[in-house]
Every structure is written in structure tokens, then in C-alpha cells.
Amino acid sequence: QDEEKWDFVLVSDFHEVGSEKETKRRKFLDELSKKGFTIKKIEEEKLFHGVRAPKQIFRKYQWLLRNPDAAESGPDGHRDIPVTTRIRVVHFILHHTMTPDFEKLQDLMKKKVFEAAFPLHENDEVTEFLKERWARWREIFCQQPIEKIRYYFGEKVALYFAWLGWYTYLLAFAALAGLIVFVAGITIFSSSQVSKEICEATDTIMCPLCDQRCPFWLLSDTCTYAKVTHMIDNEGTVLFAMFMAIWATVFLELWKRQRATVVTNWDLYKWDEEEEELAMGLINDMEHKPQQYQHSYFRSTIILLLVLVMIAVLIGIAHGLVIFRVVATAFFTQTDFEFLREQANTMAVMTGAVLHYITIVIMTKINRHVALYLCDLEKPRTLSQRENNFTVKIFTFQFFTNFSSLIYIAFFLGRINGHPGNYVRVAGKWRLEECHPSGCITDLFIQMAIIMLLKQTISNVVEYLSPWVTLKLRKKRHRPKKRRVLSGEEEEEEDPCKRHWVNNYRLSKVEFLSLFDEFLEMVIQYSFTTIFVAAFPLAPLLAFCNNLLEIRLDAIKMMRLRRRIVPWKANDIGIWLQVLEAIGILAVIGNGLVIAITSDFIPMQVYKYTYSPCVTENSTAVDCSTGYINHSLSVFRIQDFEPHTKVPQMPPGQEITEYRDYRNAEDYSHTAQFWHIFAARLAFLILFEHAALCVKLIAAWYVPNVPKSVKNEFRVRKHNNLRKELRWVMPWGPAQ
Numbered sequence: 001q002d003e004e005k006w007d008f009v010l011v012s013d014f015h016e017v018g019s020e021k022e023t024k025r026r027k028f029l030d031e032l033s034k035k036g037f038t039i040k041k042i043e044e045e046k047l048f049h050g051v052r053a054p055k056q057i058f059r060k061y062q063w064l065l066r067n068p069d070a071a072e073s074g075p076d077g078h079r080d081i082p083v084t085t086r087i088r089v090v091h092f093i094l095h096h097t098m099t100p101d102f103e104k105l106q107d108l109m110k111k112k113v114f115e116a117a118f119p120l121h122e123n124d125e126v127t128e129f130l131k132e133r134w135a136r137w138r139e140i141f142c143q144q145p146i147e148k149i150r151y152y153f154g155e156k157v158a159l160y161f162a163w164l165g166w167y168t169y170l171l172a173f174a175a176l177a178g179l180i181v182f183v184a185g186i187t188i189f190s191s192s193q194v195s196k197e198i199c200e201a202t203d204t205i206m207c208p209l210c211d212q213r214c215p216f217w218l219l220s221d222t223c224t225y226a227k228v229t230h231m232i233d234n235e236g237t238v239l240f241a242m243f244m245a246i247w248a249t250v251f252l253e254l255w256k257r258q259r260a261t262v263v264t265n266w267d268l269y270k271w272d273e274e275e276e277e278l279a280m281g282l283i284n285d286m287e288h289k290p291q292q293y294q295h296s297y298f299r300s301t302i303i304l305l306l307v308l309v310m311i312a313v314l315i316g317i318a319h320g321l322v323i324f325r326v327v328a329t330a331f332f333t334q335t336d337f338e339f340l341r342e343q344a345n346t347m348a349v350m351t352g353a354v355l356h357y358i359t360i361v362i363m364t365k366i367n368r369h370v371a372l373y374l375c376d377l378e379k380p381r382t383l384s385q386r387e388n389n390f391t392v393k394i395f396t397f398q399f400f401t402n403f404s405s406l407i408y409i410a411f412f413l414g415r416i417n418g419h420p421g422n423y424v425r426v427a428g429k430w431r432l433e434e435c436h437p438s439g440c441i442t443d444l445f446i447q448m449a450i451i452m453l454l455k456q457t458i459s460n461v462v463e464y465l466s467p468w469v470t471l472k473l474r475k476k477r478h479r480p481k482k483r484r485v486l487s488g489e490e491e492e493e494e495d496p497c498k499r500h501w502v503n504n505y506r507l508s509k510v511e512f513l514s515l516f517d518e519f520l521e522m523v524i525q526y527s528f529t530t531i532f533v534a535a536f537p538l539a540p541l542l543a544f545c546n547n548l549l550e551i552r553l554d555a556i557k558m559m560r561l562r563r564r565i566v567p568w569k570a571n572d573i574g575i576w577l578q579v580l581e582a583i584g585i586l587a588v589i590g591n592g593l594v595i596a597i598t599s600d601f602i603p604m605q606v607y608k609y610t611y612s613p614c615v616t617e618n619s620t621a622v623d624c625s626t627g628y629i630n631h632s633l634s635v636f637r638i639q640d641f642e643p644h645t646k647v648p649q650m651p652p653g654q655e656i657t658e659y660r661d662y663r664n665a666e667d668y669s670h671t672a673q674f675w676h677i678f679a680a681r682l683a684f685l686i687l688f689e690h691a692a693l694c695v696k697l698i699a700a701w702y703v704p705n706v707p708k709s710v711k712n713e714f715r716v717r718k719h720n721n722l723r724k725e726l727r728w729v730m731p732w733g734p735a736q
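Each residue of the sequence shown is one higher than the one before, starting from 1 at the first, in the UniProt record's numbering.
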């Protein structure tokens, strides 16, 4: 039984005997044979070569690394090392074996000599357990078997699922807080004084929303929109933003503790990746020389410039989305459909959000190719270094792809559009959008809701269906051939490996960055959950529900739909931790800016404590926000419209209209109130960010990265090891 276990399978097409491809394949297999590999050939729909490494390779590995897996060793040489380590060592040797033509496996695969190289899914108790108790939708609320995942897929995959499970567990608290804030907003849906004033403003005439065919409109027409805005934009939002800044810090600090505990149990806390790499290099070739670290300032400068060019392109795409919204608004306001005309701004926001999602899907693929190209230019020394470099670049590109449009809506929409009589225009024709009189935060809410819902539905469905459909089609395509074998070639069916190898081959291909894609998806989601959460309190709830499905989706893909991933060893989640910490800082800045700039929280507080009836009339019988809407509107004379503006019909005797801004009626310059509010926004931003960052630092200090139990366990281990060493020395001590 053991002798039929194979470490790797190489797959190729049938090449003519004596052809260049057949010769290259034979040379590579001959090199493996020289190293003591056992090779088995099976002919089916493709040509399969199973390879099994000799036992002495793993004895060398254990000796060089002082037997790190000794706890699992046994009398049988084939079983004295975990399967995950066998696969990892064989993968390294396969990819570093050089043919006489100085070609490696990667070169041969590019030349179509080999089509695929993969480790096999096993048919044992652990596999069945993971399939039935982990990779099942019905286990959605059950705890993950991290130890068995580690045994089957290695430490890197196990750490990913441990991190994802921990993230989802703590998201439950953020989701609950966000839901409470949202429900609290619903309960005050109709009770806001500001909403009441907008709903009762039946004689307040507002400026047209476009230059052609747009009528003057009453402020009271947007009553429902104002209520929705206040449901999102209230005092609870500020508290929730502060809570999420603290939550992000606590989550990372608690994860560091969790990771330290998990890795200690695995005896990997002080594992050295570089040492293992050097050991495997020597096992593969005794003449192996360590690859030197290299750095070129010229190459780094070129890559930095190319990254900046790519970022400029992504910002340009965001500008394109802005222009689309402007044109869409103009189109909807001039349409013959009354509903579209009345809801022109909202429809423009929604169609813009859908287009933004499509842009994200397309640019994700382009960003990936660009980031890989830049990594190739850097010539990283190791696979992990390549992955780290790729991570920084792809996350930077994805951040600008996902958030450029949101940043525009949050911080620029309605603030750079000018004012009646002097609008800022795109191409001198289309006016930039304006904010609703009750604020822009609802636009941000709609944009985030649509993007998150589309990403978590369409993207996940495609992510699952793509490998599932591919597997079904491959099985259907080769079913007739399988029946012929059963009826006419019974001797072939006796080989237990054939069906197993073929079934593994038909599964979806695993890219070397496949686990990276899962991490990137979650980290982008984490960004949505934290950075603009003040505008969308339901983001943690959506993320929590998505992650419950994501854990099982990833498990099903790995166990049932994809070939077995190479089980890499790791003792942390790598550079992703630094990325998450950077997002935590961006979350503080982003939420501070949303409350200070996007929200109406600051202007309302300035009004309450400076200009409201509570201050000017010393009255406590009225709501302090009474009169806020009228105070935030400015007057505009109709005769001051631009000459090419087609002014609609006004009611008789009406010569002035109003718009949302703080400007003088005479020369349309900013009023003193505008500068009061500007100063208050700036002061709040500085205060909020410093307070949140102080809390983050205190939380980071208060929660130790490594639990005391872990430190004590290390100390006891060191003590016991020293005692064992001393026992070897003691008998000879007196004689010397």
C-alpha cells in the first residue's frame, strides 16, 4: 500500500518518439532517475508520470534541520515525515532540477513539454473527515478542524483559515454594533427636526439641477431622501466610527496572540524559512550555492515610476466614472420618464455604482498582470519574496481601483461644483453633480451597498461555479472513453493509480498564487468594512454573512474542485499583517474625514452651539437644530444665471431661488459661517484622529502580542533541552 503512494504526478501530451518535446521530457525524467526517484508511467487521455522520492532525501532533510518533524517519525522510513513535508521537498526538487540543456520544469511547461505537475489528493481518513465535516455547506456554523487542515494542506493554508475564522468571529461583534446603529437610525426615521423642516419647506424654491429642461423644484419634494439621510447620518454614526477604529486594533492584537498560540503548538514559532530553503537546495544539489541578496536603485526607481503611472491610470478611470455620472445625471433629467427625471441623481449614483463594479472586475485582471510584470522586473530571490513584492503592488492597485470613486463621492462631490451662475463644467458643457440639501452621505451609502452586494453575490457565484462547471464538462467529455476502457481493457483498470491520477488531473488547476487570491479578497473586504464604515454601518454585517459562506466555499474548492495545493510551511500570515495594520490607520483617517467632511454632523453642531435659537434667544423649549436648513441655504437671483442656461418658468413675482451653500447674496462669496464650519471640521478631524490613534496605541500596548502561557512554555522547553544536554556531559565531566 505504501509503495503505491506517489509524491507528484507530471502530465504531458503524447509526443512523437524522437520529437524535440519527447526528447526534452525524457532528459528531465532521466535527471530525476539519477537522483533516485521512482517513476511510473500510465497512458490514458494524457501521458501521466508518477514520481516518488527516495527515502534518503527525507533523512537528509531531517538531519539538516535537526529533525523538526521528529514527533511524527516512526520505524517505517516512508512514514517518518509528514506527507505535507514530502510534497514540499519534492516540489522544490522538481522545480530546481536542471536538464543537460539548462532547462527547469517551469521552462519545459512553457514549451508545452509538460502540461501540469501536481501533488495528489489522498484517499484516507483525514481526507474523508475534511470532505464530510469541513467542506460542507451544512457545517457553516461549526468550528473548523484547523489541526487536520494543517495535516493535509500545510501550515500556510491552516493559518489562512485560522485567520479567516478569527476575523469572522470578531466581525460578529462589529456586525451587531453596526446593526444596532442602523436600527436606531430607523427608529428616528421621522423624528429628526432637520427632516421635518425639509418636509415642511413647501415654499422654498430650489435652483434647477441641470441647464436644459430642468424645472425649479420645492425642497419638500425630497422629504423621503432627507429622512433616509438622517437615518444614516446621526450621532450614533460618530460613536460607531470610533468603535470600529478600536475594533480594528483589538482584532489585530488578538490575532497576534491567537497566531502565537497556534504556531507554538505546531513547534514553528522560531522556524526559519531561509534555513529550510538552503537545506533543500543542498539536498537537491551538493554543489548548490546560496543565491545572493541583490538590490538595484536604478531598477527600484524604474519600478516606482511604473507603479505611479499605473496609479495615475486608475485615478484617470475614477475621473471617467465621475464624467459618466455627470452625463448620466444630465440624461436622466432630460428623459421623458417622470420617475427617472425626479430621481435623476439617485439613478446616476446607482448606475455609476454598477459601472464601478464592472470596472473593478476588469481592472482586477489587468492589475494582476501588471503587478506580476513588475515583480519579474524586480527579480525576487525567493518565492516568498516574490509573493511579498506582488502583495504590496496588487493591493496598492486594487485599493485605488476599489476606492477612487468612493473617495470622490465622500470628499469631493458637491464641493468642487461651483455655484449657480458660475458652475464648474466637464468639457465646458455638463455641470458637476451637487449634493442633496441634507448632505452627500446617502450617495456614499448607496455606492458602498451596491458594490459590496455585487462583490459578495456575483463574484462568489462565479468563484464557485467556474471550477464546478469546468469539472463537470471534463468528466462529461471523457465519459465515453472511460466506458471503452471498462469493457475492452480490463488489465488497465486493475492499476489502482489510473483512475486516481485521472480524477486529480480533471480538477481545476491551482495557480502558485491561489491562496493569495483568497487573502486579497478578504483584505479588500476588510478595507470596505473599516475605512468608510461611518457611511455604511451594515458593512460588517454583510462581511460577516459573506465570510460564513466564504469559509465553506474555499474549503469545497480546495477539497472537491481543485487539485491539491502545495502545502507550504509558514509561522504567520506574512506581509498581510502589515497590510492590515496599514488599513487600520487608513480606517481612522477615512472615518474621521467622512464625519468631518461628508457628514452634516459638524455643520449641525456648529449651528446648535453658535447660531441656533438655544443660543441667540436663550430658549430651551425648542429643538436646538430648529432653523438649521434655512441657515444652510443661500439665495440666488434669477437674472444672474449664465447666458446659455435655459431658465424654466418661475411662479409670478418670484425673482430669487435657493441652493445649498454658505454664500453672500450680493457677490456670492463665502460667509463667515462657512469659515466657522471649515475651522470646526478641521479641529474635529485632528481631535478624532489623535484620539482614535491614542486609543489604538493603548489597545496595542494593553494586549500583549504573545500570551504569557506561550512565553512560559518556551522557557520550560529551553530548560528541559538544556537539562538533556547536561545529562550527556555529566558522566565525562569529572574525568576531564
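We put the beta carbon where it would ideally sit given N, CA and C, even for glycine.
How should residue i be labelled, buried or exposed, when 16 other C-beta atoms within 10 angstroms of its C-beta is the threshold for buried?
i, result
"Gln-578", "exposed"
"Arg-483", "Bear in mind that a pLDDT of 40 at Arg-483, under 50, signals an unreliable position, so the number given afterwards is only what the model happens to contain. The residue in question, Arg-483, is exposed, as its Cβ has fewer than 16 Cβ neighbours within 10 Å."
"Arg-138", "exposed"
"residue 738", "With the chain running from 1 to 736 in the structure shown, residue 738 is simply not present."
"Glu-725", "exposed"
"Ser-466", "exposed"
"Gly-154", "buried"
"Pro-82", "buried"
"Trp-576", "buried"
"Arg-564", "buried"
"Trp-728", "exposed"
I'd like to check one pair, residue j with residue i: are the Cβ atoms closer than 7 Å?
i, j, result
"Met-522", "Leu-130", "no"
"Met-347", "Leu-340", "yes"
"Ile-93", "Pro-119", "no"
"Val-326", "Leu-432", "yes"
"Val-262", "Ala-162", "yes"
"Leu-685", "Gly-592", "yes"
"Ser-508", "Leu-473", "no"
"Ala-53", "Asp-124", "no"
"Val-126", "Lys-156", "no"
Sort the options by Cα distance to residue i and report the nearest one.
i, options, result
"Ile-360", "Gln-56, Asn-345, Asp-376, Phe-399", "Phe-399"
"Leu-372", "Phe-48, Ile-303, Ile-409, His-319", "Ile-303"
"His-91", "Met-280, Gly-627, Ala-679, Pro-648", "Met-280"
"His-670", "Tyr-526, Ile-446, His-419, Glu-511", "His-419"
"Val-228", "Phe-243, Met-242, Trp-217, Cys-199", "Cys-199"
"Cys-214", "Lys-646, Glu-197, Tyr-297", "Lys-646"
"Phe-182", "Cys-142, Glu-139, Trp-163, Asn-234", "Asn-234"
"Leu-176", "Ala-135, Trp-247, Glu-132", "Trp-247"
"Cys-223", "Gly-439, Pro-496, Phe-332, Gly-414", "Gly-439"
"Ser-632", "Ile-677, Phe-114, Ile-409, Glu-253", "Ile-677"
"Ile-524", "Arg-381, Ala-555, Ala-587", "Ala-587"
"Val-635", "Ala-700, Ala-665, Asn-618", "Ala-665"
"Ile-323", "Phe-240, Glu-43, Asn-417", "Asn-417"
How many angstroms separate the CA atom of residue i from the CA atom of residue j?
i, j, result
"Glu-658", "Thr-204", "7 Å"
"Ser-190", "His-230", "9 Å"
"Asp-30", "Asn-284", "15 Å"
"Leu-444", "Gly-320", "18 Å"
"Phe-412", "Val-238", "20 Å"
"Tyr-167", "Ala-534", "20 Å"
"Asn-705", "Arg-257", "5 Å"
"Tyr-505", "Asn-547", "29 Å"
"Met-604", "Ala-201", "18 Å"
"Pro-567", "Ile-186", "49 Å"
"Phe-688", "Ala-410", "17 Å"
"Gln-106", "Val-113", "10 Å"
"Ile-39", "Leu-164", "39 Å"
"Thr-264", "Ile-358", "44 Å"
"Glu-276", "Glu-713", "24 Å"
Quick check: is the beta carbon of residue i nearer than 7 Å to any beta carbon in chain C?
i, result
"Phe-14", "Here chain C cannot be found, since the structure has a single protein chain."
Legend entry - At least 3 beta-carbon pairs within less than 8 Å: the region 439-450 vs the region 607-620: no
Inset, instruction - Kindly confirm or deny that the region 493-508 and the region 374-386 touch, where touching means at least three C-beta pairs closer than 8 Å. - result: no
Inset, instruction - Specify whether the region 618-633 and the region 177-193 touch according to this definition: at least 3 beta carbon pairs, one from each stretch, less than 8 Å apart. - result: yes
Inset, instruction - Decide if the region 540-559 is in contact with the region 593-604; the criterion is three or more beta carbon pairs, one per stretch, under 8 Å apart. - result: no
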